[in-house]
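Residue numbering for the sequence shown follows the numbering used here, beginning at 778 and increasing consecutively. Note that the Cβ used here is the ideal one computed from N, Cα and C, for glycine as well. Every value quoted in this text rests on a predicted model; they were computed, and no experiment measured them.
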Amino acid sequence: MEFKTSAAQPPLSQDRSSAATELTGVPLSGTSPKSILLCTLNARYHHSSFGLRYLFANLKELQPQAQILEFTISQNTKEIVERVLETGARIVGFGVYIWNTAQTCEVVSMLKRVKPELIIVLGGPEVSYETETQALCQLADYTIKGEADFLFHQFCSQVITENFLPRVKWISGELPDISKIASAYPYYSDEDIRHRVIYVEASRGCPYKCEYCLSSLDKSVRNFNLDAFLADIELLIQRGARSFKFIDRTFNLSQAISSRILQFFLDRMELGLFLHFEMVPDRLPEELRVLIRKFPKGSLQFEIGIQTWNPEIAKLVSRRQDYAKIVENFNFLKSDSGVHTHADLIVGLPGEDIASFARGFDAVAELGADEIQVGILKRLKGTPIIRHDQEWGMVYQEHSPFQILQTKVMDFSTLQKMDRFSRYWDHFANSGNFIQTMKLLQTPGSGPGTPESGQFEMDSLFWKFFAFCKFLGARHRQTHAIALLNLVESAWIYLTENLRVNPARVREALVQDYTGSQKRDIPRFLRDPAETSAAAQSRAKHSLHRTAQTASAASPLAGKSTPQRQKRHLQNPAKPETPEASHV
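What follows is the structure, given as structure tokens:
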């Protein structure tokens, strides 16, 4: 797309109302008036922005004038603004995602108030759709919609080299030719490789049309040149990278490509590599299984999107999957491979009530997934899920993260409980901190079995944990920032008092989970009563001896005979003095 405007184009209107991570080894322009700043707010420090590195890689001749700064959403807005202004950049590009929309809006608003002449450009999935209605996009000067690998370079070139400002506020163009996109991988710094997640992609796009997903808008799957991709990965490995997270939407879509990638890493497994892939659950041919079997235990993690176990709900949201194949593939992964499996389920899909979700959760748990990620449905901008809003009474949060608040078959209260379920499940099951304790929660026939659906499912893991979550919610009144020891104590109380599980069994499980490999001291409430009593007597005796010595040394009668009453007091420090004794 051509952005050039006439030389008479006026300047932009000026009436629109912890330290950053800096790309290492890239020539910067300092306070040059023609400098470019690429920045974003990551969810956590150990994340890295793959998209910004692509933009930087494709700036070509403008690279010497560009810089990358990465912040986190927990950082103070004024400190971020201060750091941005210190660069002296003329153009500031922000990568906008569902997790940082609110914070980015605060930063952009403050930047425009403090320095109105700053040219702010937005990009990313969260601003690529419904752009005109977003307050953030109104605050910024320009928004690039869609893949911006080439468009951002075009924009910066016109502004900096030719001193033109585009008339259009929303910028879009054709999908870039994937074979001409410059590689982002050289722009992972040594610091990134040592401390942060290294994201990679062998393809873009997805052939599936699941209505809740942005990838449903893709028209096709585009593959990068595999030889060039593997050469880039080889260089990262030589630089010390050992962990790779593939962001391909469907890694196992092409058997030929995925087989070659797996073989590439298999040939280098002596280096201790770890690989994360997103997989479709019903596509695991024998050719891939042969390779998967060869990987050491724990070196592969498959994130497997199941989303719903109800075929009618899957059909309603245009998701196609073969449930028999899913069972078969999980059986293989569990019994014949060392793959760590991470299964995804979505709460709040159109038409799915809590009873249906519960059956699906139990079915996925039965598959033996190492982790079950319980996600609450989010309305991603541009996705066709909105076609169900009226029929199924879909009500979403107005602001990020745009979670579902209620549906025709799941009211607000139920979805709040499921939100807590998701977070507590992470604490107790997905964290791996309560392996033995979770077995007690799953004991057949234990625990409350009367779900809110009115059905009786005594041996349902879902409903057992749902009841536990009710207890946890009442006890902690929060789902985050709960100390591990407090979770341990809650599990002890719930299992021994509410479920009446044998205290010795609970103690053994919790001690094993809590101490683990961390060599933590056993908390007092988990100590064996007999041992605790003996230890208490020993401590009391030792304390008595110390007290007597201290009192004797400090007394003005030291060296003289101690009065009998004082001796009795020192020998019985915890015994209250009775009226009778005071008159002896």
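Residue i in three-state terms, based on DSSP
i	result
G1115	coil
H824	coil
D1121	strand
S1020	strand
T920	strand
T817	strand
H1176	coil
M1171	coil
W1086	coil
A1268	helix
E849	Before going further, note that residue 849 is Thr rather than Glu in the sequence given. In the structure shown, T849 sits in a strand (DSSP, three-state: E or B).
M1215	helix
M1046	helix
F1079	strand
L800	Since pLDDT at L800 reaches only 45, below the 50 mark, its modelled position is unreliable, and the value read off the structure follows with that caveat. Three-state result, L800: coil.
L1061	coil
E1011	helix
A843	strand
Q931	helix
Q1289	helix
Y964	helix
D1196	helix
I1162	helix
A959	coil
V1278	coil
D1203	helix
Q1032	helix
L1110	helix
E1129	coil
L1303	helix
E838	helix
G1250	helix
F1362	Outside the shown range of the chain, which is 778 to 1361, sits residue 1362, and nothing can be said about it.
H972	helix
L942	coil
T1220	coil
Which residues DSSP lists as bridging residue i, in chain order
i	result
N1362	Beyond the ends of the chain as shown, which are 778 and 1361, falls residue 1362; an answer cannot be given.
K1155	Q1180
F1041	Beta-bridge pairing links F1041 to no other residue.
F1054	F1079
I948	I921
I1149	A1120
Contacts around residue i, its chain only, beta-carbon distance under 8 Å, and the 5 residues preceding and following it disregarded
i	result
A866	S812, I813, L814, Q844, L895
R1200	T1256, H1257
L1048	I1014, R1019
Contacts around residue i, its chain only, beta-carbon distance under 6 Å, and the 5 residues preceding and following it disregarded
i	result
E883	T854
L832	L815, F929
A1008	none
A1091	T1085
H1053	K1022, Q1078
G870	L815, V898
G901	G872, V873, Y874
P1178	I875, K1155
Same chain, Cβ closer than 7 Å to residue i, five either side skipped, listed in chain order
i	result
V998	S980, G982, C983, P984, L1030
F1248	Y1271, N1275
Q1084	R1096, D1121, L1122, I1123
S1320	Confidence at S1320 is low in this model, with a pLDDT of 47, below 50, so its placement is unreliable and the value that follows should be read with caution. The answer is none, since no qualifying residue turns up.
K1102	D1059
P953	E924, D926, F927
G1075	G1115, H1117
C987	S993, V1094, S1095, R1096
N1000	A979, S980, I1034
8 Å contact criterion, which residue i and residue j should meet: CB distance rounded
i	j	result
F1198	C1246	5 Å
W1269	F1242	With 8 Å as the limit, W1269 and F1242 do not qualify as a contact, their Cβ atoms being about 17 Å apart.
L1154	G1125	4 Å
G1170	K1185	4 Å
E1055	E1080	5 Å
F1189	Q1183	4 Å
Q1213	Q1098	Q1213 to Q1098, Cβ: 33 Å. No contact.
L818	Q911	Going by Cβ atoms, the distance from L818 to Q911 rounds to 16 Å, so no, they are not a contact pair.
A820	I850	6 Å
S886	L916	6 Å
Residue i beta carbon near the ligand PLP (any heavy atom closer than 7 Å)
i	result
N1106	You won't find the ligand PLP in this model; it holds no ligand whatsoever.
C-beta neighbour in chain B for residue i, strict 8 Å
i	result
R867	This model lacks chain B altogether; it includes just one protein chain.
Please list the segments of the alpha helix (DSSP H) lying wholly inside the region 863 to 913, counting only runs of 4 or more residues, in order along the chain. 878 to 891
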